[in-house]
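Note sheet for the following structure.
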Amino acid sequence: MTDAPRNRQRRAFMRNSLLSIPAVSVGSSLAFRASAAAPEAPPLHDYYPTFFTSEEWQFILSATDLLIPADDTGPGALDAHVPVFIDRELAGGYGQAEHWYMQGPFRTDAPAEMGYQLPHTPAAVYRLGIRATDAHCRRHFSKPFAALDKATRTEVLSALEKGTPDFNALGIANLPSSTFFAFLLQNTREGFLSDPIHGGNRHMVGWKMLGFTGARASFREWVDQYDQPYPLGPVSLNGERG
Amino acid sequence: MNDKDNSAMKTLPSVDAVIIGLGWTGSIMGMELTDAGLNVVALERGGDRTKEDFLYPKPADELKYGVRLEMMQRPKQSTVTIRRNADEEALPQRHWTTFHPGDGVGGAGSHWTGVLYRATPTELSLKSFADRTFEPGFLPEDMTIQDYGVTYEELEPHYDFFEKVAGLSGQAGNVQGEIIDGGNPFEGPRQNPFPLPPLPRTLTDTLFTEATKKLGWHPYPYPSANVSGAWTNPYGMQLGPCNFCGFCSNYGCLNYSKASPQTCVLDALKQRETFSYRTHCEVTRIVKSDDGETVKGVVYRDGEGQETFQPAGMVILASFPLSNVRILLLSEIGKPYDPVANTGVVGRNFSYQITGSIDMYFKDHQFNPFISAGGSGQVIDDFSPDTFDTASHGFIGGSYIYTTQGPGGAIGAIRTPPGSASWGSEWKKNASEHYGHHMMLGTTGTNMSYRDVYLDLDPTYTDPHGDPLLRMTYDWKDNDMRMTQFMAERMREIVAELKPDYHTESFKQVGDHFDPSHYQSTHLTGGAIMGTDPKTSVLNRYLQHWDAHNLFVMGASAFPQNMQHNPTGTVAALTYWSAKHIRERYLKAPGPLMEKA
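Just so you know, the protein sequences line up as chains R and U, in that order. So that you can map any letter, position 217 of the first sequence is 217 in full-length UniProt numbering, and since no number is skipped, the others follow by simple counting. So that you can map any letter, position 577 of the second sequence is 577 in full-length UniProt numbering, and since no number is skipped, the others follow by simple counting.
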């Protein structure tokens, strides 16, 4: 092996490291502070989705807000920018199923134990799932999902979870409504609980809710301190502390 | 397909040995064969991975590594189809769920958990044990278990050496026949104690120890290849003490603490001028010689799609077990197994692993589950294949029962009470209140081999080049389910001692069918097994192919059935065993190392 690729890699790493150091702390003795360490993400209403259309975006905002609401337990999916996370994931390799085996034939009626067997990429699951859900809502409530009141939206999400709405009857083939819901719930949780570098978990609100420490990743002296809640807050890959 | 027009295959200058796959076994063979003076090239299907790729904080990214499985083989490049029986249509794993085959330099050895075990003397000679232990007719007629053909005594020096390579940390239970308190009294005798002492004990370890001791069992620390202290191995490679970072299984180690090809072998190997490796080179065929007794090299496709013939004096097949079997089948080396006619060998005796778990909730305990090491945990071996009367419980085999701290990741560790909401304020409140209050009990057991459980080439699904995917025909058998239910009973005894506020169980029952939609284990074994009879094994007891004497096949594909413990220790010991016979005998007089009887 020559050294060239490794040097390139190292240079790229240095560049990334420098970018991740907040301006205020370079050459100063200031300790990291959350406000200094995290470049403030724009407010959610100023975010222009890359993947979602504006109608789809309204669906995602109103659905994730119910899946992980802001409440007495703490901030919710919108505070955490979960919709931004999902938009970025679907616009990227995950959305395109870039690593998945997507050659046919597809046995869409396979038993659940055989795992995911649909012909849709995650991006397509969302595109079709939102279209079908909005069609379902228009048929039953004369409005798209995002325009419904909270109680009705909750009712619709529960129905999706159970797989009740028949997307096939609404013109969307090969997509059980429960599968669409499973993607939505899983990605919402991921956006709430993954490192902020991926666009969600803003200010690490999901981790703080759990007491998870993020990328702190060094605990040798804490292993045998039984039943003592760990005292320090989380750290993100970019060095933000919470 | 991104292949450009490659009507002309490139042929390279010949090398002494070509190694297919650069994980643990490929790295070890690289050291051994260059030591013997050979000129060696390794071909790795995935990308390069160096220790720099694992620098802090890069691996501490649960979404990238723990959820999207960045370290794993790309199903798009090659996956496996699965069916439970011959009447079903096999369907592909479109993204990995039931197991996680590794990819790239280091292979599974980069993302493994670091639990490093030996097989027991009995497990290596299981058929002989069964013949002298059980009444005739006790074992099902279609059970095809066999002896490995190599004994524990023969492998012991190689286990011992690899444990020094990996800086194994833990407590020996049997040193030269002397049983040592606090170790595993049921292990085979070791010539030496562990290189390093156990990792510090977590709260879960301590609770498990107290409960199992009260039950009269023999708890001991997981033998860990996440090292407990500074260690310099026989290759001069250095490991540092594990800091319980919480990112282990599925992750590269950010702390030079987890034994891997990168941390233990490769930097020493790369300094040798007689060794080189090429990444993004996917071997598609091993090429047979006209003499009918040897192979003459391999054909691979490089990252640009260029097909290349690499001639070689010897071929070491050292990829993941499933890939080993697929390459042998695609290359038409060895007779494919036919379960109906009961003929052939390649694909025969595939086995997997049986697991089960209990999850206990303790309101008053705080476990800090993000403080964890993959190889940290506490174990009992009181219910191994030869430690109690399994026949009276209706099975052959055994399982270990263990606890380990975690899982600690935020996405993967959410636990909420059974029957409670999976979203909304109720879920959120439960997730918040329960995180850090769970302790797991697990069991992992032997898996017997059967006539109708095997690997072959799929008739429908292909890879992007048009080559058939590997097809896995696998289902649970009553023997294994009865064993799991027995272990569930023992684990409930531990639960009764520990008195959690509540617990949930996940065990398979007699009549259940294999469910590949959930993670089970990455300990896939068999399909190219070793033995002493060419009618029932692909390899002889030196891992030499019966039909091509300069082809040696490494890895757990050689296991005739699966053992209760983790395979890496035995995989590595078998590699050193094979290398010893290549160096001391084969290179001096190339030819079959065993007569075909």
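Cβ atoms here follow ideal geometry from the backbone N, Cα and C, with glycine treated the same way. Only a predicted model underlies this, so the values are computations on that prediction, with no experimental measurement involved.
Same chain, Cβ closer than 7 Å to residue i, neighbours up to 5 away in sequence not counted
i, result
"tyrosine 586 of chain U", "Leu593"
"phenylalanine 99 of chain U", "Gln520, Ser521, Thr522 and Leu524"
"glycine 436 of chain U", "Gln366, Phe367, Asn368 and Pro369"
"serine 289 of chain U", "Val295 and Lys296"
"tyrosine 226 of chain R", "none"
"aspartate 53 of chain U", "Gly252"
Contacts that residue i makes with chain R (C-beta to C-beta distance below 8 Å)
i, result
"residue 655 of chain U", "Absent from the model: residue 655 of chain U. The displayed extent of chain U is 1 to 597, so no value can be given."
"leucine 254 of chain U", "Ala217"
"isoleucine 411 of chain U", "Arg189, Glu190, Leu193 and Ser194"
"glutamine 93 of chain U", "Tyr101 and Gly115"
Spatial neighbours of residue i in its chain, beta-carbon cut-off 6 Å, leaving aside the 5 residues before and after
i, result
"proline 92 of chain U", "Thr79, Thr81 and Tyr461"
"alanine 119 of chain U", "Met563 and Thr570"
"glycine 408 of chain U", "Gly246, Pro369, Phe370 and Ser372"
"residue 244 of chain R", "As displayed, chain R neither begins before 1 nor continues past 242, which places residue 244 of chain R out of reach and without an answer."
"arginine 415 of chain U", "His434 and His438"
"phenylalanine 275 of chain U", "Gly30, Thr34, Val40 and Leu269"
"glycine 442 of chain U", "Ser357 and Tyr402"
"isoleucine 21 of chain R", "The predicted position of isoleucine 21 of chain R is uncertain, since its pLDDT is 37 and thus under 50; no value can be drawn from it."
"proline 185 of chain U", "Gly173, Ile179 and His218"
"valine 18 of chain U", "Val41, Val298, Gln310, Ala312 and Val315"
"glutamine 58 of chain R", "Ala146"
Own chain partners of residue i with C-beta closer than 8 Å, once the 5 adjacent residues on each side are dropped
i, result
"residue 626 of chain U", "The shown model of chain U, from 1 to 597, leaves out residue 626 of chain U, and the question about it has no answer."
"aspartate 3 of chain R", "With a pLDDT of 42 at aspartate 3 of chain R, under the threshold of 50, the predicted position of this residue should be treated as unreliable, though the coordinate-derived value follows. Excluding residues within five positions, none has a Cβ falling inside 8 Å."
"tyrosine 427 of chain U", "Per the sequence shown, the amino acid found at residue 427 of chain U is tryptophan instead of tyrosine. Correct list, in chain order: Thr416, Ser420 and Ala421."
"phenylalanine 309 of chain U", "Met9, Lys10, Thr11, Leu12, Val287, Gly297, Val298 and Val299"
"isoleucine 380 of chain U", "Thr212, Trp217, His218, Pro219, Tyr220, Tyr400, Ile401 and Tyr402"
"serine 28 of chain R", "The predicted model places serine 28 of chain R with a pLDDT of 35, which falls under 50 and marks its position as unreliable, so this point remains unresolved."
Bounding residues of the alpha helix (DSSP H) (the contiguous stretch that carries residue i)
i, result
"glycine 129 of chain R", "122 to 141"
"glutamate 210 of chain U", "203 to 214"
"histidine 111 of chain U", "108 to 111"
"serine 425 of chain U", "424 to 434"
"serine 331 of chain U", "321 to 331"
"valine 205 of chain R", "205 to 210"
"leucine 126 of chain U", "126 to 133"
Residue i: contacting residues in chain R (beta-carbon distance under 9 Å)
i, result
"lysine 429 of chain U", "Asp71, Asp72 and Thr73"
"lysine 499 of chain U", "Chain R residues near lysine 499 of chain U: none, gap ~16 Å exceeds 9 Å."
"proline 241 of chain U", "Arg220"
Range covered by the beta strand (DSSP E) that runs through residue i
i, result
"glycine 356 of chain U", "354 to 361"
"isoleucine 197 of chain R", "Segment: none, isoleucine 197 of chain R is in no beta strand (DSSP E) and carries neither H nor E."
"glutamine 310 of chain U", "307 to 317"
"residue 612 of chain U", "Residue 612 of chain U falls outside the range modelled here, since chain U spans only 1 to 597, and no answer is possible."
"phenylalanine 59 of chain R", "Counting along the chain, phenylalanine 59 of chain R falls outside any beta strand (DSSP E), though it belongs to the alpha helix (DSSP H) covering 54 to 67."
"leucine 441 of chain U", "438 to 445"
"leucine 551 of chain U", "551 to 553"
Partner residues on chain R for residue i, Cβ-Cβ distance less than 7 Å
i, result
"aspartate 515 of chain U", "Glu113"
"tyrosine 220 of chain U", "Per Cβ cutoff of 7 Å: no residues; tyrosine 220 of chain U is ~18 Å from chain R at best."
Within chain U, partners of residue i - CB distance below 7 Å
i, result
"valine 223 of chain R", "Pro200, Thr202, Phe244 and Ile371"
"proline 231 of chain R", "Going along chain U, no residue has its Cβ under 7 Å from proline 231 of chain R, so there is no contact; the nearest lies around 10 Å."
"aspartate 227 of chain R", "Leu203, His365 and Gln366"
"tyrosine 94 of chain R", "Arg68"
Beta-carbon neighbours of residue i, restricted to chain U and to distances below 8 Å
i, result
"leucine 67 of chain R", "Trp423 and Gly424"
Neighbour list for residue i in chain U, Cβ cutoff strictly below 9 Å
i, result
"leucine 237 of chain R", "Pro57, Lys58, Ala60 and Asp61"
Chain-ordered chain A contacts of residue i [CB-CB under 7 Å]
i, result
"leucine 185 of chain R", "The question asks about chain A, but that chain is absent: this structure's protein chains are R and U."
Which residues, in chain order, does the region 53 to 74 of chain U contribute to contact with chain R at a C-beta distance below 7 Å? Residues passing the 7 Å Cβ filter: Tyr56, Pro57, Ala60, Asp61, Glu62, Leu63, Val67, Arg68 and Arg74.
For the region 449 to 461 of chain U, enumerate the residues whose C-beta is nearer than 8 Å to any C-beta of chain R, in chain order. Against chain R - using a Cβ distance shorter than 8 Å - the residues of the region 449 to 461 of chain U are Thr460 and Tyr461.
Every unbroken alpha helix (DSSP H) inside the region 258 to 301 of chain U [4 residues or more]: Taking only runs of at least 4 residues, the alpha helix (DSSP H) segments lying wholly in the region 258 to 301 of chain U are 267 to 270.
Residues of the region 98 to 129 of chain R with a CB closer than 8 Å to any CB of chain U: list them in chain order, please. Cβ contacts with chain U come from Glu98, His99, Trp100, Tyr101, Met102, Gln103, Pro105, Arg107, Ala110, Ala112, Glu113, Met114, Gly115, Tyr116 and Gln117.
Could you give the uninterrupted runs of the beta strand (DSSP E) lying entirely in the region 344 to 405 of chain U, keeping only those of 3 residues or more? Runs of beta strand (DSSP E) with 3 or more residues, each lying fully within the region 344 to 405 of chain U, are found at 354 to 361, 378 to 380 and 399 to 403, listed in chain order.
What are the complete beta strand (DSSP E) segments, minimum 3 residues, inside the region 147 to 172 of chain R? Whole beta strand (DSSP E) segments, 3+ residues: zero.
Cβ-based contacts, 8 Å cut-off: residues of the region 189 to 202 of chain R near chain U: Listed by position along the chain: Arg189, Glu190, Leu193, Ser194, Asp195, Ile197 and His198.
My parser needs the alpha helix (DSSP H) runs of 4 or more residues fully inside the region 566 to 597 of chain U; what are they? For the region 566 to 597 of chain U, whole alpha helix (DSSP H) runs of length 4 or above, ordered along the chain, are 568 to 581.
Which ranges would you report for the beta strand (DSSP E) in the region 140 to 167 of chain U if only whole runs of at least 3 residues count? Segments of the beta strand (DSSP E) lying fully in the region 140 to 167 of chain U: there are none.
Determine which residues of the region 138 to 158 of chain R have a Cβ less than 9 Å from any Cβ of chain U, and write them out in chain order. Answer set for the region 138 to 158 of chain R: Thr154 and Leu157.
Just by C-beta distance, which residues in the region 430 to 447 of chain U are closer than 8 Å to chain R? Cβ contacts with chain R come from Ala431, Ser432, Tyr435 and Gly436.
What ranges does the beta strand (DSSP E) occupy inside the region 501 to 528 of chain U, keeping only unbroken runs of at least 3 residues that lie completely in it? Segments of the beta strand (DSSP E) lying fully in the region 501 to 528 of chain U: 502 to 506.
Please list, in chain order, the residues of the region 204 to 215 of chain R that have any C-beta partner in chain U closer than 9 Å. If the cut-off is 9 Å between Cβ atoms, the region 204 to 215 of chain R has Gly206, Trp207, Met209, Leu210, Gly211, Phe212, Thr213, Gly214 and Ala215 near chain U.
What beta strand (DSSP E) runs, 3 residues minimum, are completely inside the region 40 to 72 of chain U? Taken in chain order, the complete beta strand (DSSP E) segments of 3 or more residues contained in the region 40 to 72 of chain U are 40 to 43.
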